[in-house]
Amino acid sequence: MEMVSVLLSVLCVSAALAQCPNKDPDLFITAPKTMEALTGSCLMIPCSFRTKSEDQTISGGTIYGVWIKNDPKFGLNPNNVIYNSSKTVNSYPVTITGNLRQRNCTTLFSALKATYTDMYYFRIENGALKATAPCDPVQINVTDSPQKPRIEISGDLREDVSVTITCSASTPCPHLPPKLTWNLQAEPDNHREENTDGTFTTKIQETITLSDQHDGFTINCSASYPVTEGIKTEETQQTLNVSYAPKDTSASISPSAVVSAGSWVNLSCSSRARPPVSSFTWFQISSDGAKANVSKGAFYTFNATGGGVYYCVASNGLGAQPSPMLHLTVGGTEKLLSLGAVVGGITGVFVLLCMVVVTWRLKSKNQSSQTQVTTGEDSKTEDETIHYGEINFSSRRSKPSPDSHEQQQDTVYAQVSVSGRGNPLRQAAGGQDDIYAQIN
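Note that our numbering gives residue 821 to position 327 of the sequence shown, counting from 1, and the numbers run on in steps of one.
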């Protein structure tokens, strides 16, 4: 749509210049050649005029301003006269706000319609001075959509540089200016500026110090124009491309940071930067603290013969950044065997301690059991074993008297206590042996 308006403006201006007479006209105006306006809004045309001869002055009589569309020939087509300040009723809602006596022909078009798009010529009438400015037409383009706001950035887009970002929108109707908003501020301060040609622009600004975090950030700015139907909004975007030195430089090792002697080790380095990293450099710090440049490039592969500390440095035209250090440990076969022996020794000692503890606990338990058994046996063997013997002394006695039969037979018991331990098996089988002897 904007391209069509521009082409139309060029064609109309060319046609107007073709109509400009070869001789110098009697009137000249200074005003924008082309102006863009929005339907439902207004348009202010900054304008000033001068006559052909400096001797021609504005008389004290009444002075009128006239606007003609399409054709500068005033008398040929009266319908082309859209405004004449000498009349109270005009076909277009136009007001000359400038002081004509001061040669100011600034004009305000109100309640614009799309049909108002055309070429316009200014004319002045003051006594004997009646002249049109055929060589200075103003092309007015009225559209339904507002123009996109413009984003401008002052300064280099480089980290640590302060830049001023401005979003601006044309303000064809200063009485109804647009409201600008963007994602850099919550409530930006809108201010209106007058341009060198007398037109106006509404702007918002913000000054920021750039960093790598701003790279790729998209600024969104919108302009909202009040019109008779409500609000019409247009927006624009611009993505920041901020240059910065390398950031987030890191190094990695493969297969691991602990390898055996003679193993192949792969180191890789990565970083982000704008412009991209131009070089990667690898450094080694040996066990004695000496630093050496060992390789260039993002990848470094070598055969590990000894441990050390490695790191890379990423560089571009704006600076350099080192990575965190990688600690590489190299262990040989002897070291691995020694480590195994140590681990085995520790394991053996632990097992031996466990066996000693278990043996001690079992022995303590057995001793306790044996003590109980021995105590029981002693108590049994200590019991007295009583033997009874019956001895017949009748053979050695005299024949008893008849009375002796009446007497109770005298029985003598001898109790013999036999000390000593009996046979446990016998004790278990028969218990204690009792021997009885009867002595008559």
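Don't be surprised by glycine CBs; every beta carbon is placed ideally from N, CA and C.
Per-residue DSSP class, three states only, for residue i
| i | result |
| --- | --- |
| asparagine 573 | helix |
| aspartate 683 | coil |
| glutamine 641 | coil |
| aspartate 612 | strand |
| valine 807 | strand |
| arginine 597 | coil |
| valine 752 | strand |
| glutamine 866 | Note that glutamine 866 has pLDDT 47, beneath the 50 cutoff, so the model's placement of it is unreliable and no number is given. |
| leucine 812 | coil |
| isoleucine 552 | coil |
| lysine 705 | In the sequence on display, residue 705 carries serine and not lysine. In this structure, serine 705 counts as coil in the three-state DSSP scheme. |
| serine 585 | coil |
| serine 744 | strand |
| valine 851 | helix |
| leucine 846 | helix |
| leucine 651 | coil |
| serine 656 | strand |
| lysine 546 | coil |
| leucine 678 | coil |
| lysine 607 | coil |
| leucine 670 | coil |
| lysine 857 | helix |
| glutamate 646 | strand |
Neighbourhood of residue i by C-beta, 7 Å cutoff - its chain only, sequence neighbours within 5 removed
| i | result |
| --- | --- |
| glycine 800 | Val824 |
| threonine 693 | Pro526, Pro540 |
Exposed unless 16 or more other CB atoms sit within 10 angstroms - verdict on residue i
| i | result |
| --- | --- |
| cysteine 763 | buried |
| methionine 613 | buried |
| tryptophan 758 | exposed |
| asparagine 593 | exposed |
| methionine 849 | exposed |
| proline 666 | buried |
| glycine 534 | buried |
| lysine 563 | buried |
| proline 770 | exposed |
| valine 852 | exposed |
| phenylalanine 844 | exposed |
| asparagine 735 | exposed |
| proline 628 | buried |
| threonine 696 | buried |
| leucine 761 | buried |
| glutamate 646 | exposed |
| phenylalanine 481 | Residue numbering for the chain in the displayed model covers 495 to 934; residue 481 lies beyond these limits and cannot be assessed. |
| leucine 847 | exposed |
Residues bridged to residue i [DSSP beta-bridge criterion]
| i | result |
| --- | --- |
| methionine 538 | Leu602 |
| tyrosine 558 | Glu619 |
| glutamate 728 | Ala717 |
| alanine 663 | Thr696 |
| arginine 768 | Tyr738 |
| asparagine 775 | Here residue 775 is threonine; the residue named in the question, asparagine, does not match the sequence. According to DSSP, threonine 775 bridges with Lys790, Val807. |
| phenylalanine 796 | Val759 |
| threonine 528 | Gln633 |
| asparagine 578 | Val560 |
| isoleucine 523 | Phe543 |
| leucine 822 | Gly802 |
| isoleucine 590 | Thr601 |
| lysine 785 | Ile779 |
| threonine 626 | Arg617 |
| threonine 712 | Thr733 |
| proline 688 | Note on residue identity: the sequence assigns glutamate, not proline, to residue 688. Phe694, per the DSSP bridge assignment. |
Close Cβ partners of residue i (< 6 Å) along its chain, the five nearest in sequence each way excluded
| i | result |
| --- | --- |
| methionine 819 | Val803, Tyr805 |
| aspartate 872 | Its pLDDT being 44, under 50, aspartate 872 is placed unreliably in this model, and the coordinates cannot settle the point. |
| glutamine 815 | Pro740, Thr743, Ala808 |
| serine 780 | Gly802 |
| asparagine 598 | Ser542, Gly592 |
| aspartate 520 | Lys546, Ala625 |
| proline 682 | Ile698 |
| tyrosine 558 | Ser579, Ser580, Glu619 |
| threonine 765 | Correcting the residue identity first, residue 765 is serine in this sequence and not threonine. These residues qualify, in order along the chain: Pro740, Thr743, Val771, Ala808. |
Neighbourhood of residue i by C-beta, 8 Å cutoff - its chain only, sequence neighbours within 5 removed
| i | result |
| --- | --- |
| alanine 940 | Here the chain has residues from 495 to 934 only, and residue 940 is not among them. |
| threonine 589 | Thr601, Leu602, Ser604 |
| alanine 751 | Leu820, His821, Leu822, Thr823 |
Any non-hydrogen atom of the ligand FAD closer than 8 Å to residue i Cβ
| i | result |
| --- | --- |
| isoleucine 645 | Summarising the ligand content, the structure contains no ligands, and the ligand FAD is consequently not present. |
Is the segment 642-662 close to the segment 672-687, with three or more CB pairs under 8 Å? yes
Would you check if there are 3 or more beta carbon pairs closer than 8 Å linking the segment 626-646 to the segment 711-721? yes
Are the segment 721-735 and the segment 685-703 touching, with three or more C-beta to C-beta distances below 8 Å? no
Give a yes or no on contact between the segment 612-632 and the segment 535-549, applying the rule of three or more CB pairs nearer than 8 Å. yes
Pair every Cβ in the segment 682-698 with every Cβ in the segment 552-565, then say whether three or more of these pairs are closer than 8 Å. no
For the structure I just gave you, are there three or more beta carbon pairs, one from the segment 599-618 and one from the segment 563-576, closer than 8 Å? yes
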